[in-house]
Amino acid sequence: MAGWLGPEEWQAVALSLRVALWATGLSLPFGIAVAWVLARRDFPGKQILNGLVHLPLIMPPVVTGYLLLLTFGTQGPVGAALQDWFGIVLAFRWTGAALAAAVMAFPLMVRAIRLSIEAVDPKLEQAAGTLGASGPWVFLTVTLPLILPGVLAGAVLAFAKAMGEFGATITFVSNIPGETRTLPTAIYTFLQVPGGESAALRLVVISVIIAMGALLLSEGLATRMARRISGA
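Numbering-wise, the sequence shown is residues 1 to 232 according to the UniProt record's numbering.
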């Protein structure tokens, strides 16, 4: 791949992989926790939480990016605190690109994991509880092994979404070569300059391969989960 792609193209692909891996890895524990709460608990405001989780799916990505800029920018309440207390700056940095990708991919991750949790018979968890197991231990020893294919499927979907994130990323962290120019923004950039169509096409091919591979892997994991739960 390194020989087929130019240095700038390879840099964009490598940065996208870095951003997507961090976005997926850091959001996965939160995704599992939120999915479990939505699948197993009833409480006031549950629908509001569910709506907030899925809001990035229906809002224009530019709006999500702008809200991230207002919140996590150097002048925003959270961004200013992070900079003053910990020296962390997210706006116009690759770490901000990872945050934007995580926010946009989070709904897909939560939905896949939630469906896998809802497919598990609660009686199995209740039986473990009657034997004296604590709630966290029941989750680790009973629920998590059963939903693991769903967790992996959610992570794969989130990774693919993070790899392709454009609108929120370019709004929050701009399009800085070597810092925030991910694969989608690189394609956009190449299409704006004369003679850049061939480079854009090569990156499009890479994007299609990654997206299709992620979808096939996710479907395979979902099928395995269904067979495992049904006992087939």
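Note that beta-carbon positions come from the ideal geometry of N, C-alpha and C, so glycine has one too. Just so we're clear, the structure is a prediction, and the values are computed from it rather than from any experiment.
Check	Outcome
Once DSSP output is grouped into helix, strand and coil, what is the label at residue 236?	In the structure as shown, the chain begins at 1 and stops at 232. Residue 236 is therefore absent and cannot be evaluated.
Rounded to a whole number of angstroms, what is the C-alpha to C-alpha distance between M212 and I206?	10 Å
When the distance is taken between beta carbons, is L5 closer than 8 Å to V13?	yes
Decide if F190 is buried, meaning its Cβ has at least 16 other Cβ atoms within 10 Å, or exposed.	buried
Let me confirm a value: P177 is counted as buried when at least 16 other C-beta atoms fall within 10 Å, else exposed. Which label applies?	exposed
Along the chain, where does the alpha helix (DSSP H) containing T71 start, and where does it finish?	61-72
I'd like to know whether the C-beta atoms of residue 233 and T182 end up nearer to each other than 8 Å.	This structure cannot speak to residue 233, because the chain is shown only from 1 to 232.
To the nearest angstrom, report how far apart Q83 and T74 are at their CA atoms.	7 Å
Would the beta-carbon of L144 be found less than 7 Å away from any heavy atom of the ligand FMN?	By its list of ligands, the structure shown contains no ligand whatsoever, and the ligand FMN lies outside what it can speak to.
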